[in-house]
Amino acid sequence: MNTDAAAGLHEEIRRLRIRITSLAASPHREHSLDALSADGRTRRQAIREALSSLAALSLASCPIRSTVLMAATGVHTASAPEAPAASVPTVPDLGDRVIADQLVVLLLDCAPEYGANPAVTEKARAIAVQLRRELA
């Protein structure tokens, strides 16, 4: 296990949990999940896109374990008989109160201690870093 990659991912998880929780609780629109970024997306949309990317990464890296995890968290996967083979997993919108928790669960699923290989951990960390920068 690459301890640097794992430590980097855990640091990003900590930062994102704090940042998203503060944005979700903010009464000021410019400091909330509804604030617009330079590309016209809301912060909430950026988080939802990161959730989808992480769900796809997790599913691709360990299909059996991830299918169980995603079934438990409500994520719809391409393993459903009616879904096309190349469909992207969708993470249910459970509201702002749990959006940080959803992100943490999917990021942790890409950590080495949960069986992810170093490439998956690094990709998850890159997604987390990009999201943190978008939320700044």
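Going by my numbering, the residue at position 28 of the sequence shown is 15; the numbering climbs one at a time, nothing skipped.
Just so it is clear, CB atoms sit at the ideal spot from N, CA and C, and this is done for glycine as well.
In this text, all values refer to a predicted model and were calculated from it rather than measured experimentally.
Pick helix, strand or coil for residue i, following the three-state DSSP scheme.
| i | result |
| --- | --- |
| residue 23 | strand |
| residue -3 | helix |
| residue -10 | helix |
Inspect the beta-carbon positions of residue i and residue j and report whether they are closer than 8 angstroms.
| i | j | result |
| --- | --- | --- |
| residue 24 | residue 121 | yes |
| residue 5 | residue 94 | no |
| residue 20 | residue 10 | yes |
Starting from residue i, trace the alpha helix (DSSP H) in both directions and tell me its first and last residue.
| i | result |
| --- | --- |
| residue 115 | 105 to 122 |
| residue 85 | 83 to 95 |
| residue 45 | 30 to 48 |
If residue i sits next to residue j, beta carbons under 8 angstroms apart, how far is it from one beta carbon to the other, in whole angstroms?
| i | j | result |
| --- | --- | --- |
| residue 87 | residue 7 | 4 angstroms |
| residue 76 | residue 43 | 6 angstroms |
Nearer than 7 angstroms: is that true of the beta carbon of residue i relative to any heavy atom of the ligand ADP?
| i | result |
| --- | --- |
| residue 9 | In the structure on display, the ligand ADP does not appear, and there are no ligands present to speak of. |
- Query: Can you find at least 3 beta carbon pairs, one from the stretch 18 to 36 and one from the stretch 96 to 108, that sit closer than 8 angstroms?
  - Reply: no
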